[in-house]
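Residue numbers (the working numbering): 129 to 427. All C-beta atoms in this analysis are idealised placements derived from N, C-alpha and C, irrespective of residue type, glycine included. Because the structure is a prediction, the values reported are computed rather than measured. First the structure, in the form of structure tokens, and then the observations on it.
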């Protein structure tokens with residue numbers, strides 16, 4: 129489901145479409161999620177954050193995209209995202225999917241290596257390093273699941289070991305040239321556009337509005353956005369609106385009309401059309417089924 133970042137993760141997980149704001153624990157310099165799905169179609173659209181992201185797939189298969197590069201992530205593989213990289217993930221596997229996600233604190237890395245923004249991490253071709261990282265992620269999952277005495281301390285020790293491997297074995301300097309500067313400028317504009325959409329999704333937002341905000345002609349912006357995200361402006365905007373409408377639908381007693389208008393849809397009809405395309409059911413029927421299953425699980 130869209131609201132679950134690939135899977136049905138723990139409650140309280142705060143995901144955003146643009147720059148994801150991740151607040152790490154005072155004792156543990158990371159956020160850790162253990163996700164399970166039962167074959168749902170799961171998609172988390174283009175977003176970014178400063179934290180490093182590790183997704184270790186334990187069962188099933190997911191697909192990802194980092195800076196327009198598509199990646200198949202199979203069981204045992206790690207989907208790794210460097211700081212600030214635009215990325216998205218989805219899974220259409222009808223079988224069970226299980227994964228461990230770790231969002232490692234950017235502030236922690238910056239503390240030990242102030243010049244980190246000029247570098248990135250890469251362990252794709254380093255099997256020994258990859259295996260060490262995989263084992264540490266699994267160890268984090270075990271500590272987090274069991275939550276024995278002083279588990280925060282043990283978790284921090286493992287995460288520091290992970291940082292040590294990254295710095296000593298996986299650190300690479302970023303290359304700077306004219307091509308990179310052009311790509312970086314495009315990325316900045318895409319991030320600005322996504323941020324603006326996220327902050328104004330509940331308004332009557334038009335292509336002209338966002339084009340003016342970014343400083344491009346509407347026709348040029350339309351092509352630019354499609355080229356860099358793989359989808360149209362309105363398609364992406366509807367995914368943002370669908371994310372928030374879904375949360376309100378399952379967590380409140382608001383009417384379907386209220387849910388639609390609160391999320392920026394112009395009318396109930398358009399909301400139902402977009403919702404059915406993703407969830408294969410009307411919002412009302414989906415809510416009833418969701419509440420039925422929830423009630424059954426609680427009994």
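Asked                                                                                                                : Found
From 360, 271, 258, 275, residue whose alpha carbon lies closest to that of residue 182                              : 258
Candidates 394, 378, 386, of which the one nearest residue 421 by Cα                                                 : 378
3 or more residues per run - each beta strand (DSSP E) lying fully within the region 187-264                         : 190-194, 197-201, 206-209, 215-219, 225-232, 247-249
C-alpha distance - residue 163 paired with residue 303, whole-angstrom precision                                     : 35 Å
Own chain partners of residue 194 with C-beta closer than 7 Å, once the 5 adjacent residues on each side are dropped : 209, 213, 215
Under 7 Å between C-beta atoms of residue 318 and residue 356                                                        : yes
Rounded Cβ spacing between residue 372 and residue 391 (contact assumed at less than 8 Å)                            : 5 Å
N- and C-terminal bounds of the alpha helix (DSSP H) containing residue 156                                          : Premise fails: residue 156 is in no alpha helix (DSSP H) and is neither H nor E.
Sequence-distant residues of the same chain with beta carbon closer than 6 Å to residue 387, five excluded per side  : 373, 376, 377
Beta-carbon proximity check, residue 217 vs residue 192, cutoff 7 Å                                                  : yes
Three or more C-beta pairs below 8 Å linking the region 267-284 and the region 238-246                               : no
Length of the line joining the Cα atoms of residue 174 and residue 186                                               : 23 Å
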